[in-house]
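Participant:
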Amino acid sequence: MIPVENYFVLSSLVFLCGLAGVMFRRNLIMVLMSIELMLNAVNIIFVAASRHLAQVDGQIMVLFVITVAACEAAVGLAMVIALFRRYGTVNTEFLRLLRG
Amino acid sequence: MEAFYFVPEMLFYAISGLILLSSIMVVAARNPVTSAIFLVVDLFFVAALYAQLDAHFTAAIQVLVYAGAIVVLFVFVIMILNLKPDALRGIRFSLGEALVLLITLAGFVIVGSELAHTAPDLTMPGNLGSAAIEMAGGNTYVVAMRMFTAFLWPFEIASVLILLAIVACVMIAKKDKRVTKS
Chain A
64 MIPVENYFVL SSLVFLCGLA GVMFRRNLIM VLMSIELMLN AVNIIFVAAS
114 RHLAQVDGQI MVLFVITVAA CEAAVGLAMV IALFRRYGTV NTEFLRLLRG
Chain B
4 MEAFYFVPEM LFYAISGLIL LSSIMVVAAR NPVTSAIFLV VDLFFVAALY
54 AQLDAHFTAA IQVLVYAGAI VVLFVFVIMI LNLKPDALRG IRFSLGEALV
104 LLITLAGFVI VGSELAHTAP DLTMPGNLGS AAIEMAGGNT YVVAMRMFTA
154 FLWPFEIASV LILLAIVACV MIAKKDKRVT KS
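Rendered as structure tokens:
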């Protein structure tokens, strides 16, 4: 039996990878992929805690998170396509409409 | 029997190492296609981790939905946009961003240590251990029974969310006549 803390550590590290990707990558598609990585890190904790607490509610939450992640990826990629069509780039350094 | 005692732990450490390696590669690879391929590897090993945790249905859904649908969507969009690999100057390390990473790490440490101390008291363990799930008819059966009774309304709301996402995708990605005319 692997202690549940190990899963927390693994999940934190994967989440930090995703956060670093969101902050340091300038490609909008890479940012979306990093967000998927972060959601996935949260799912690891859900399943590990579900096993640890002898319940299945965590696994059901994972199914909902996967649903939301799929919707988010689809809408995000549609927005990426719309932005590319409008501005000809997906580099976040050139997409500064809200920066003032 | 003694010889097999360490196998799950070795499996866990091997899978964790591969998950970490591939998620670092997702973030660090310059070519978006390389990142997408490593994302598939990462999600596949997370599915292996779920299977090791006796969450068989979740593992199957992980492979089907994430690796089968979402990453294919990413690769499709990368192909449509014909992206070039990033210029390396895209990665610059400012003090504020490093601070954000450090604060997040500190938050994880604080929350994790608090959980380790108080979680067994705060949460009531359920009665669905591995043996009980096995007795009740397997992981998929137990998850389905719980999902379609206690979580029925969230399930229906999720289907409405998917419908909304379909409509939103079509509306957003549709060619805008006013923009293309000018």
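Listed in order, the protein sequences are those of chains A and B. Sequential numbering from 64 applies to the first sequence in this note's numbering. Sequential numbering from 4 applies to the second sequence in this note's numbering. Even glycine gets a Cβ: it sits at the ideal position worked out from N, Cα and C.
Check whether the region 103-112 of chain A and the region 136-151 of chain B are in contact - that is, three or more C-beta pairs closer than 8 Å.
Facilitator: At 8 Å Cβ cutoff, the stretches do not touch.
Participant: Quick check: is the beta carbon of B/Phe47 nearer than 8 Å to any beta carbon in chain A?
Facilitator: Working through the second sequence from its first residue, we reach residue 47 of chain B at position 44. No, its Cβ sits nowhere closer than 8 Å to a Cβ of chain A.
Participant: What residue from B/Glu12, B/Leu24, B/Asp57, B/Val74 has the CA that sits closest to A/Leu95's CA?
Facilitator: Within the first sequence, the letter at position 32 stands for residue 95 of chain A. The shortest C-alpha separation from A/Leu95 is found at B/Val74.
Participant: If the cut-off is 8 Å on Cβ atoms, which residues from the region 59-73 of chain B count as contacting chain E, listed in chain order?
Facilitator: Looking for chain E here will not work: the only protein chains present are A and B.
Participant: Which same chain residues end up closer than 7 Å to B/Phe60 when comparing Cβ atoms and leaving out the 5 residues on each side of it in sequence?
Facilitator: One-based indexing of the second sequence puts residue 60 of chain B at position 57. Here the set comprises Asn142, Thr143, Val146.
Participant: Roughly how many whole angstroms lie between the Cα atoms of A/Val153 and B/Leu164?
Facilitator: The residue given as residue 153 of chain A occupies position 90 in the first sequence. The residue given as residue 164 of chain B occupies position 161 in the second sequence. Going from the Cα of A/Val153 to the Cα of B/Leu164 covers about 26 Å.
Participant: Between A/Leu161, A/Ser97, A/Val119, which lies nearest to A/Ala136 when the distance is taken from Cα to Cα?
Facilitator: Indexing the first sequence from 1 puts residue 136 of chain A at position 73. Residue A/Ser97 is the option with its Cα nearest to A/Ala136.
Participant: What's the C-alpha gap between B/Leu167 and B/Met13?
Facilitator: Stepping through the second sequence from its first residue, residue 167 of chain B is reached at position 164. Stepping through the second sequence from its first residue, residue 13 of chain B is reached at position 10. Approximately 43 Å, taken between the alpha carbons.
Participant: To test your reading of the DSSP string, which unbroken alpha helix (DSSP H) runs of 4 or more residues are found completely within the region 66-143 of chain A?
Facilitator: 67-87, 91-115, all fully within the region 66-143 of chain A.
Participant: Taking a Cβ distance cut-off of 7 Å, strictly less, list which residues of the region 132-157 of chain B are near chain A, in chain order.
Facilitator: The residues in question are Gly132, Val145, Val146, Arg149, Met150, Phe154, Pro157.
Participant: Please state if the CB of B/Phe41 and the CB of B/Val29 are separated by a distance shorter than 8 Å.
Facilitator: Locating residue 29 of chain B in the second sequence gives position 26, where the first residue counts as 1. Locating residue 41 of chain B in the second sequence gives position 38, where the first residue counts as 1. Contact flag set, yes.
Participant: From B/Ile136 to A/Ala141, what distance separates their C-alpha atoms?
Facilitator: By one-based count along the second sequence, residue 136 of chain B stands at place 133. By one-based count along the first sequence, residue 141 of chain A stands at place 78. Roughly 41 Å separates the two Cα atoms.
Participant: Using DSSP's beta-bridge definition, name the partner residues of A/Asn154.
Facilitator: For the purposes of this step, residue 154 of chain A is identified with residue 91 of the first sequence, where counting begins at 1. Answer by DSSP bridge pairing, in chain order: A/Asn90.
Participant: Report yes or no: is there a C-beta of chain A within less than 8 Å of the C-beta of B/Ile83?
Facilitator: Reading the second sequence from its first residue, position 80 is the one you call residue 83 of chain B. Chain A, which has a Cβ nearer than 8 Å to the Cβ of B/Ile83, makes this yes.
Participant: Could you list which residues in chain A have their beta carbon closer than 7 Å to that of B/Ala161, in chain order?
Facilitator: Your numbering for residue 161 of chain B matches position 158 in the second sequence. In chain order: Phe127, Thr130.
Participant: Once you ignore the five residues that flank A/Val85 on each side, which residues in its own chain have a CB closer than 7 Å to its CB?
Facilitator: Translated into positions along the first sequence, residue 85 of chain A becomes position 22. If we look at A/Val85 and ignore the five residues flanking it on each side, its Cβ neighbours are Val94, Ser97, Ile98.
Participant: With B/Gly20 as the anchor, note down where its alpha helix (DSSP H) starts and where it stops.
Facilitator: Translated into the one-based positions of the second sequence, residue 20 of chain B becomes position 17. From DSSP, the alpha helix (DSSP H) with B/Gly20 extends over 10-31.
Participant: Looking at the C-beta of B/Thr37, does it have a partner C-beta in chain A at a distance below 8 Å?
Facilitator: As a position in the second sequence, residue 37 of chain B is number 34, starting the count at 1. Chain A contact via Cβ: absent.
Participant: Using 8 Å for Cβ pairs, my map puts B/Leu52 next to B/Ile22. What's the rounded Cβ distance?
Facilitator: Looking up residue 52 of chain B in the second sequence gives position 49. Looking up residue 22 of chain B in the second sequence gives position 19. Correct: roughly 7 Å between the Cβ atoms.
Participant: For a cutoff of 8 Å on Cβ pairs, would you count B/Val75 as touching chain A?
Facilitator: Counted from its first residue, the second sequence places residue 75 of chain B at position 72. Taking Cβ atoms only, chain A never reaches closer than 8 Å to B/Val75, which makes this a no.
Participant: Could you give the C-beta distance for B/Gln65 and B/Val43, rounded to a whole number, given that I count them as a contact under 8 Å?
Facilitator: Taking the second sequence and counting its residues from 1, one reaches residue 65 of chain B at position 62. Taking the second sequence and counting its residues from 1, one reaches residue 43 of chain B at position 40. Rounded, the Cβ-Cβ distance is 11 Å, inconsistent with contact.
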